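Heads up, the thing below is written out as structure tokens.
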Amino acid sequence: MLVIHCKDKQLALASTIYENLDAKVVEDEWYERGGVGPLLAQTPPEEPILIFGDGDRDGLYSNKFNHEIQLDPTRFDEPKYFEHVAACITHPVYILNKIQGYLLRKHNGHIIGIWPESSRFARRHKLHGLFTKEFYHNAKDAEHIGTMTLNSYIDDSNEVLYRTLGEMLGNNVSLRRIPKLLKEEAWKYDHLFTYNFENFIYI
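What follows is the structure in structure tokens.
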């Protein structure tokens with residue numbers, strides 16, 4: 125399994141998914157070089173690909189290597205400087221977009237994409253596999269659905285989700301069956317934030 129996982133402190137917990145699998149995790153240097161396209165091209169079509177992180181319908185963000193804004197007070201009177209700062213804030217850096225979406229087609233049926241709106245990305249680029257309609261990493265994300273909660277609560281729930289998903293993948297459970305099984309797993313617990321469990325979909 126090829127794993128594309130942009131790790132930061134918030135997203136590192138997801139390594140639970142693949143820690144007991146035969147996984148090749150993409151090193152950070154590939155994100156610095158500007159893309160994972162060559163790796164996708166080299167990966168055999170039948171090999172599963174797990175993609176995890178933060179993103180939207182247009183692709184996967186590079187969390188670690190997004191622009192880090194170092195504000196320089198001596199340049200506050202320069203209009204171009206403010207344009208640069210605004211661009212850093214409003215335009216995410218993608219490590220997986222429509223170009224890599226095209227390359228992923230040869231892996232159809234073996235793709236696992238876990239990030240917000242990955243299912244819309246998949247439909248746009250005619251991809252098939254296991255995707256998420258939405259996915260919340262923290263309490264701030266959960267506010268979008270009107271839920272007030274704690275980061276620790278979501279972390280605990282996601283840890284159960286990641287462990288369960290990892291076990292299913294390790295047991296070669298069909299990707300098509302996983303959305304139903306995850307919902308059933310969530311219903312076993314009274315204390316879980318079940319939203320993420322319920323947002324997996326097979327396309």
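In the numbering used here, the protein residues as written are 125 to 327. For every residue, glycine included, the Cβ atom is placed at its ideal position computed from N, Cα and C. Nothing here was measured: the structure is a model prediction, and the numbers come from that model.
Asked                                                                                                                      : Found
Three-state secondary structure (DSSP) of Y260                                                                             : coil
Contact the stretch 171 to 180 vs the stretch 227 to 239: 3+ CB pairs below 8 Å                                            : yes
For H315, the three-state DSSP class (helix, strand or coil)                                                               : coil
Assigned secondary structure, G253 (DSSP; H/G/I helix, E/B strand, else coil)                                              : strand
M125 versus L299 - alpha carbon distance                                                                                   : 14 Å
Helix, strand or coil at H231 according to DSSP, with G and I counted as helix                                             : helix
Whole-angstrom C-beta distance between L184 and I219, which should lie under 8 Å                                           : 6 Å
Assigned exposure category for E192 - 16 Cβ within 10 Å defines buried                                                     : Any answer about E192 is weak, because its pLDDT of 49 lies below 50 and its placement is not dependable; what the coordinates show is given next. Exposed is the call here.
For Y313 and Y260, believed in contact at Cβ under 8 Å, the rounded distance                                               : Actually they are not in contact, since the Cβ atoms of Y260 and Y313 sit about 17 Å apart, beyond 8 Å.
Three-state secondary structure (DSSP) of V127                                                                             : strand
Reference E283, options A138, I128 and V127, closest by Cα                                                                 : A138
Sub-8 Å separation of L145 and G290 beta-carbons                                                                           : yes
Chain-order list of residues whose beta-carbon lies under 8 Å from that of H249 (same chain, five-residue window excluded) : K222, G225, Y226, L228 and R229
Bridge partners - D180, DSSP secondary structure assignment                                                                : G183
Neighbourhood of R301 by C-beta distance below 7 Å, restricted to the same chain and skipping five residues each side      : none
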